[in-house]
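Residue numbers (this note's numbering): 2 to 197.
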């Protein structure tokens, strides 16, 4: 604990590797629950209006199977998008992904579930945005803000490319647990020069 104030607390976290060498340091700032208007609370969300079309998958990894991320019909993978989701910067439909949570404690693991659901949608949003596929790079970061809503067994997440600037794409993320908002966030995806 670096500072324990009545309104804000600051905690320093030091992460060590297996050799006990300092690998990373983070500072986290948290607001004290008694310092906010806790009676103001609304996490209601409009469920995504999902549409699907057959879509051949370029890759399928073990995590796709374990989280049941691929919507299928008659043995074909389906591409899903939300009619009521903001379109990508180029006007293409934003994808909506689904995961099935592989554990039972859903009441208190909303943030963990939201991270699991959000991360794959960053790359999927960029992939479907209309940008040339050969420039797709790694997701450099993902910052989520969580609600206090409990998770549900099946989550839906939308990913929208909000802007493209100087070699990066900014992706907006929305995670929903049924008719409740579980998390919102932003990510930066790197766009790499095409190989010559």
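From the three backbone atoms N, C-alpha and C, an ideal C-beta is built for every residue, glycine too.
- Put simply, of 151, 132, 159, 148 the residue whose alpha carbon is nearest the alpha carbon of residue 170 is 132.
- Closest by C-alpha distance to residue 101, out of 180, 70, 148, is 70.
- Cβ-Cβ separation between residue 125 and residue 92: approximately 17 Å, too far for a contact (criterion under 8 Å).
- With contacts defined by Cβ atoms closer than 9 Å, residue 33 and residue 11 do not form a contacting pair.
- In the DSSP assignment, residue 188 forms a beta bridge with 143, 172.
- By the beta-carbon neighbour count (other beta carbons within 10 angstroms, threshold 16), residue 28 is exposed.
- Rounded to whole angstroms, residue 31 and residue 41 show a C-alpha spacing of 18 Å.
- Residue range 111 to 128 is occupied by the alpha helix (DSSP H) that includes residue 122.
- For residue 4, the secondary structure class from DSSP, reduced to helix, strand or coil, is strand.
- Straight through space, the alpha carbons of residue 178 and residue 110 are spaced by roughly 12 Å.
- Separation of residue 149 and residue 14 (C-alpha to C-alpha, rounded to the nearest whole angstrom) is 23 Å.
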